[in-house]
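> Numbered according to the numbering used here, the sequence shown spans residues 359 to 938.
Idealized CB from N, CA, C, for every residue including glycine.
As the structure is a prediction and not an experimental result, all values here were calculated from the model.
Let me begin by handing over the structure; questions about it come next.
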Amino acid sequence: MVTPDIMSSNSFAIESANQFIIIDPGGYTTQWDYLTGIVTPLSEKKSLPLMIYLTHCHVDHCLMIGRCTELKATRDVKVAIHEAGAQILAKGETKMSMAELYGYSLSPFTPDIVLFQTEQKAQAPLLSSDFDGQIDDLHDQTGRQFLRQRMDLGGGDFLEIYHTPGHSPDSVCYRIGTLIFISDMLSAVNPMVAGIVGWDRENYIDSIRNLIWLLDSSDIQLCFPGHGGPVTAENAKKKMMRILDNLKGLGSLKEFNRDSLTDAKIYALDLLEEVSDVFTILAGRLYALSYHLDKLGESEEAEKYLNMFDADQVEFYIIDFKSVVEQVNQGELIDLHLVFEAANAIRKIIKVFDQKKFDVIISKSYLRRVSCLLKDFLTVIRGVDDAIDLEEINLNHFSNTLIKEIKTCLYDDESIFDALGDDFLTALATRIAYVPIFKELQIDVFHGEDIKPVFTDYQRFSDAFKGLLELIAVAKVKKLSLSTFSDENRTGIKIMIDDSNNDIIMERKFKMQVRKFQVCQALLSRIHTPGERGFCLSFCPDRSMLGEGTAITRHPQEAPGEGDAVQKGTKVRRFVKNAR
Numbered sequence: 359m360v361t362p363d364i365m366s367s368n369s370f371a372i373e374s375a376n377q378f379i380i381i382d383p384g385g386y387t388t389q390w391d392y393l394t395g396i397v398t399p400l401s402e403k404k405s406l407p408l409m410i411y412l413t414h415c416h417v418d419h420c421l422m423i424g425r426c427t428e429l430k431a432t433r434d435v436k437v438a439i440h441e442a443g444a445q446i447l448a449k450g451e452t453k454m455s456m457a458e459l460y461g462y463s464l465s466p467f468t469p470d471i472v473l474f475q476t477e478q479k480a481q482a483p484l485l486s487s488d489f490d491g492q493i494d495d496l497h498d499q500t501g502r503q504f505l506r507q508r509m510d511l512g513g514g515d516f517l518e519i520y521h522t523p524g525h526s527p528d529s530v531c532y533r534i535g536t537l538i539f540i541s542d543m544l545s546a547v548n549p550m551v552a553g554i555v556g557w558d559r560e561n562y563i564d565s566i567r568n569l570i571w572l573l574d575s576s577d578i579q580l581c582f583p584g585h586g587g588p589v590t591a592e593n594a595k596k597k598m599m600r601i602l603d604n605l606k607g608l609g610s611l612k613e614f615n616r617d618s619l620t621d622a623k624i625y626a627l628d629l630l631e632e633v634s635d636v637f638t639i640l641a642g643r644l645y646a647l648s649y650h651l652d653k654l655g656e657s658e659e660a661e662k663y664l665n666m667f668d669a670d671q672v673e674f675y676i677i678d679f680k681s682v683v684e685q686v687n688q689g690e691l692i693d694l695h696l697v698f699e700a701a702n703a704i705r706k707i708i709k710v711f712d713q714k715k716f717d718v719i720i721s722k723s724y725l726r727r728v729s730c731l732l733k734d735f736l737t738v739i740r741g742v743d744d745a746i747d748l749e750e751i752n753l754n755h756f757s758n759t760l761i762k763e764i765k766t767c768l769y770d771d772e773s774i775f776d777a778l779g780d781d782f783l784t785a786l787a788t789r790i791a792y793v794p795i796f797k798e799l800q801i802d803v804f805h806g807e808d809i810k811p812v813f814t815d816y817q818r819f820s821d822a823f824k825g826l827l828e829l830i831a832v833a834k835v836k837k838l839s840l841s842t843f844s845d846e847n848r849t850g851i852k853i854m855i856d857d858s859n860n861d862i863i864m865e866r867k868f869k870m871q872v873r874k875f876q877v878c879q880a881l882l883s884r885i886h887t888p889g890e891r892g893f894c895l896s897f898c899p900d901r902s903m904l905g906e907g908t909a910i911t912r913h914p915q916e917a918p919g920e921g922d923a924v925q926k927g928t929k930v931r932r933f934v935k936n937a938r
């Protein structure tokens with residue numbers, strides 16, 4: 359078994375009584391050279407044909423079939439693939455073969471044996487007398503269509519071929535005795551795989567169920583996937599059962615294609631820079647806290663906070679990812695590598711980052727934003743388009759509540775003196791770690807009239823809004839105003855900044871902010887006109903524009919009293935009770 363890397367597939371070389379077999383020649387020249395260097399001398403010595411069986415037409419499994427022309431000049435070589443895959447290869451079709459996604463070209467190739475050909479005798483002769491053109495349907499045993507063909511390998515052995523569509527229309531599995539080669543059946547639900555061109559959920563579910571039946575009803579002992587090591591039949595069944603559970607909970611998927619990959623690449627590059635900034639801040643906060651606790655004689659407590667987070671490990675993950683970026687820039691790796699490695703880095707960072715450890719020293723809002731920052735990327739590359747649970751809110755009430763929250767301290771001086779033992783140390787740490795980001799920022803709030811309700815994920819929107827205000831505050835802005843508005847087409851909040859001649863938020867960070875608000879159904883844009891500088895967050899107030907499957911809830915609230923004019927200059931014009 360040869361496993362060059364994640365962009366190619368496992369290849370298998372098998373010797374039978376009447377032929378040498380290669381299952382999937384892979385996508386790299388070095389892989390092909392290795393395989394043929396082993397198999398062709400043996401086939402020549404024994405005067406046996408070399409048969410290449412393709413599990414499906416994706417280029418990471420079959421790109422090297424183009425090299426068959428070299429071999430056919432001197433020996434008997436034949437290539438077999440399912441009928442649907444044969445048509446794709448004959449046309450050199452780049453989308454269904456995934457060549458476009460991988461950034462490869464694909465020359466047209468005509469296979470020698472067409473598996474599961476519906477009108478085989480009329481369209482092409484059988485090029486192997488050992489191949490049984492009859493198609494058996496195991497429907498009576500499985501309750502679903504399950505097509506099988508057979509080839510005599512001599513010596514009492516047979517190659518059984520099963521059509522297992524879903525990952526691609528032409529996917530097949532090959533069985534020899536107690537072994538079965540299942541290609542991508544265990545990985546077709548993974549991010550950047552589920553949703554590719556040709557992926558079909560219902561066919562995939564049926565194929566998984568058919569394979570479970572086959573493993574239950576036969577003496578198969580080992581399963582060889584197209585990526586990764588061999589799996590026992592029992593473990594393969596367990597994996598397949600989990601796949602069925604995952605598919606049940608998987609919402610509608612957006613097609614993952616070249617455009618999706620390009621977007622994911624840009625997102626990945628922006629995200630890892632943002633993650634680097636975020637964890638530098640977290641590490642700095644912990645180092646500062648540890649330093650001050652140590653100065654106060656609380657060395658044990660200082661050590662606890664210093665070891666709370668492995669900043670070096672996160673830095674290693676980010677540096678490792680950046681090395682992949684450099685290899686992509688130099689043409690050594692392709693874009694798919696970059697997105698794949700970005701996802702790996704984020705998964706590793708999620709394991710290191712435990713937000714519960716930090717909630718006594720850093721605001722929960724900030725920690726939720728960090729968590730969402732990490733997880734949203736994994737959701738994006740998965741392509742899931744789940745129904746969204748939204749709440750109906752009134753932006754006048756929202757703006758009042760928001761300002762109260764950001765002006766509230768995490769600590770209470772009196773509670774520190776009243777606390778004892780560990781509670782005192784926790785309260786002290788909270789006090790030391792607190793950074794009053796908004797202390798010097800004056801915020802005026804102006805309420806528009808007849809503000810229509812909007813629909814958003816309230817917690818996410820609130821957290822994202824606080825994050826946007828933090829970026830403005832750390833840019834040393836002294837004063838800003840929030841004003842709500844509503845017209846025929848949209849409802850929103852404008853954030854106007856005084857005394858600023860430069861962009862407050864650099865473009866990379868701004869793009870990340872745009873993405874955060876998009877999840878909340880809000881559009882973030884810059885305001886940059888003569889005499890005006892700031893940002894606008896707008897919603898479409900029409901509920902019918904949200905799409906089917908969107909759940910709307912109403913968050914309970916009380917009508918504001920006079921005290922809700924939280925900042926000098928606030929003008930409360932109108933408030934709609936029980937509607938945000």
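With DSSP as the reference, label Lys479 as helix, strand or coil.
Stepping through the sequence shown from its first residue, residue 479 is reached at position 121. Residue confidence for Lys479 is low, a pLDDT of 48 falling below 50, so the modelled location carries little weight; the figure read from the coordinates is stated next. Helix at Lys479.
> The beta strand (DSSP E) with Ser841 in it runs from where to where?
By 1-based counting over the sequence shown, the position of residue 841 is 483. Ser841 -> beta strand (DSSP E) spans 837 to 844.
> Compute the Euclidean distance between the alpha carbons of Gln846 and Asn758, then round it to the nearest angstrom.
In the sequence shown, the residue the question calls residue 846 occupies position 488. In the sequence shown, the residue the question calls residue 758 occupies position 400. The sequence shown places Glu at residue 846, not Gln. Glu846 and Asn758: Cα-Cα distance of roughly 24 Å.
> In three-state DSSP terms, what is Pro466?
Translated into the one-based positions of the sequence shown, residue 466 becomes position 108. The answer is coil: DSSP assigns Pro466 none of H, G, I, E or B.
> Give me the DSSP bridge partner(s) of Ser618.
On the sequence shown, residue 618 is found 260 positions in, with the first residue counted as 1. None, per the DSSP bridge assignment.
> Could you give the distance in angstroms between the alpha-carbon of Val742 and the alpha-carbon of Ala442?
For this step, residue 742 is matched to residue 384 along the sequence shown. For this step, residue 442 is matched to residue 84 along the sequence shown. Rounded to whole angstroms, Val742 to Ala442 spans 27 Å at the Cα level.
> Can you tell me whether Thr638 is helix, strand or coil according to DSSP?
Within the sequence shown, residue 638 is the residue found at index 280, counting from 1. It is helical.
> According to DSSP, is Ala833 helix, strand or coil?
In the sequence shown, counting from the first residue as 1, residue 833 sits at position 475. In this structure, Ala833 counts as coil in the three-state DSSP scheme.
> Which of the three DSSP states, helix, strand or coil, is assigned to Met509?
Indexing the sequence shown from 1 puts residue 509 at position 151. Reduced to three states, the DSSP call for Met509 is strand.
> Determine the DSSP secondary structure at Gly907, reduced to helix, strand or coil.
Position 549 of the sequence shown, counting from 1, holds the residue named residue 907. For Gly907, the pLDDT reaches just 44, beneath the cut-off of 50, and the residue's location in the model is therefore unreliable, although a value from the coordinates is still provided. It is coil, neither helix nor strand.
> Return the bridge partner residues of Glu890 from the DSSP annotation.
By one-based count along the sequence shown, residue 890 stands at place 532. Paired residues: Thr887.
> Since Ile379 sits in a beta bridge, which residues does DSSP pair it with?
As a first step, residue 379 must be located in the sequence shown, where it is residue number 21. DSSP output for Ile379 lists Ile372, Met409 as bridge partner(s).
> Would the stretch 530 to 541 and the stretch 402 to 419 be scored as touching if the rule is three or more Cβ pairs under 8 Å?
Cβ pair count under 8 Å is three or more, so yes.
> Over what stretch of residues does the alpha helix (DSSP H) that includes Cys420 continue unbroken?
Reading the sequence shown from its first residue, position 62 is the one you call residue 420. Segment 417 to 420, the alpha helix (DSSP H) holding Cys420.
> Which residues bound the beta strand (DSSP E) around Thr452?
One-based indexing of the sequence shown puts residue 452 at position 94. First-last for Thr452: undefined, no H or E at that position.
> State yes or no: is the C-beta of Ala626 within less than 8 Å of the C-beta of Ala552?
Locating residue 626 in the sequence shown gives position 268, where the first residue counts as 1. Locating residue 552 in the sequence shown gives position 194, where the first residue counts as 1. No; because the gap between Cβ atoms is not below 8 Å, this pair is not in contact.
> Helix, strand or coil: which one does DSSP assign to Met365?
In the sequence shown, counting from the first residue as 1, residue 365 sits at position 7. Met365 falls in the coil class under three-state DSSP.
> Using a Cβ distance threshold of 8 Å, determine whether the stretch 533 to 550 contacts the stretch 423 to 433, with at least three qualifying pairs required.
These segments do not touch.
> Do Phe370 and Phe539 have their beta-carbon atoms positioned less than 8 Å apart in this structure?
By one-based count along the sequence shown, residue 539 stands at place 181. By one-based count along the sequence shown, residue 370 stands at place 12. In contact: Phe539 and Phe370 (Cβ atoms closer than 8 Å).
> Going by the CB atoms, is the gap between Arg818 and Cys730 shorter than 8 Å?
Indexing the sequence shown from 1 puts residue 730 at position 372. Indexing the sequence shown from 1 puts residue 818 at position 460. Yes, Cβ-Cβ distance for Cys730 and Arg818 is below 8 Å.
> What's the C-alpha gap between Leu537 and His695?
If you number the sequence shown from 1, residue 537 lands on position 179. If you number the sequence shown from 1, residue 695 lands on position 337. The straight-line gap from Cα to Cα measures roughly 31 Å.
> What do you get for Thr476, buried or exposed, if any count of 16 or more other CB atoms within 10 angstroms of its CB means buried?
Mapped onto the sequence shown, residue 476 falls at position 118. Thr476 is exposed by the Cβ-count criterion.
> In the DSSP assignment, find the beta strand (DSSP E) that holds Asp802 and state where it starts and stops.
As a working note, residue 802 is residue 444 in the sequence shown. Taken as a continuous stretch (DSSP letters only), the beta strand (DSSP E) holding Asp802 covers 800 to 804.
> Go to Arg705, then tell me how far its alpha helix (DSSP H) extends in each direction, as first and last residue.
For the purposes of this step, residue 705 is taken as the residue at position 347 of the sequence shown. Element bounds for Arg705: 693 to 710.
> Using DSSP with H/G/I as helix, E/B as strand and the rest coil, what is Glu750?
Indexing the sequence shown from 1 puts residue 750 at position 392. Three-state result, Glu750: strand.
> Span of the beta strand (DSSP E) holding Phe532?
One-based indexing of the sequence shown puts residue 532 at position 174. In the sequence on display, residue 532 carries Tyr and not Phe. Unbroken beta strand (DSSP E) run through Tyr532: 530 to 534.
> Which residue from Gly556, Ile708, Ile862, Ile570 puts its Cα closest to that of Cys415?
Here residue 415 corresponds to residue number 57 of the sequence shown, with the count starting at 1. Comparing Cα-Cα distances from Cys415 to each of Gly556, Ile708, Ile862, Ile570, the minimum goes to Gly556.
> Taking the alpha carbon of Tyr724 as the reference point, which residue from Leu691, Asn665, Phe637 has its own alpha carbon closest?
Stepping through the sequence shown from its first residue, residue 724 is reached at position 366. The residue with the shortest Cα to Cα distance from Tyr724 is Phe637.
> Is it true that the CB of Asp815 sits closer than 8 Å to the CB of Leu748?
What you label residue 748 is simply residue 390 of the sequence shown in a count that begins at 1. What you label residue 815 is simply residue 457 of the sequence shown in a count that begins at 1. In this structure, Asp815 lies closer than 8 Å to Leu748 by Cβ.
> Using 8 Å as the threshold, is the C-beta distance between Leu496 and Arg506 below it?
For the purposes of this step, residue 496 is identified with residue 138 of the sequence shown, where counting begins at 1. For the purposes of this step, residue 506 is identified with residue 148 of the sequence shown, where counting begins at 1. Closer than 8 Å, so yes.
> Could you tell me the alpha carbon to alpha carbon distance between Ile676 and Ala703, rounded to whole angstroms?
Numbered from 1 along the sequence shown, position 318 holds the residue referred to as residue 676. Numbered from 1 along the sequence shown, position 345 holds the residue referred to as residue 703. Cα-Cα distance, rounded: 7 Å.
> Any beta carbon of chain C sitting closer than 8 Å to that of Lys824?
This model lacks chain C altogether, as it is built from one protein chain only.
> Can you give me the Cβ contacts of Gly927 inside the same chain, cut-off strictly under 8 Å, excluding the 5 residues immediately before and after it?
One-based indexing of the sequence shown puts residue 927 at position 569. The predicted model places Gly927 with a pLDDT of 33, which falls under 50 and marks its position as unreliable; any figure quoted below should be read in that light. Asp802, Val803, Phe804, Ser839.
> Can you tell me whether Ser902 is helix, strand or coil according to DSSP?
As a working mapping, residue 902 is identified with position 544 in the sequence shown. Caution is warranted here: a pLDDT of 48 is assigned to Ser902, below 50, making its placement in the model unreliable, and no coordinate value can be reported.
> What does the Cβ neighbour count give for His321, buried or exposed, with the cut at 16 atoms within 10 Å?
Residue 321 is absent from the structure shown; the chain starts at 359 and stops at 938.
> Are Glu632 and Met365 touching if we call contact CB-CB under 8 Å?
Reading the sequence shown from its first residue, position 274 is the one you call residue 632. Reading the sequence shown from its first residue, position 7 is the one you call residue 365. No, the Cβ-Cβ distance between Glu632 and Met365 is not below 8 Å.
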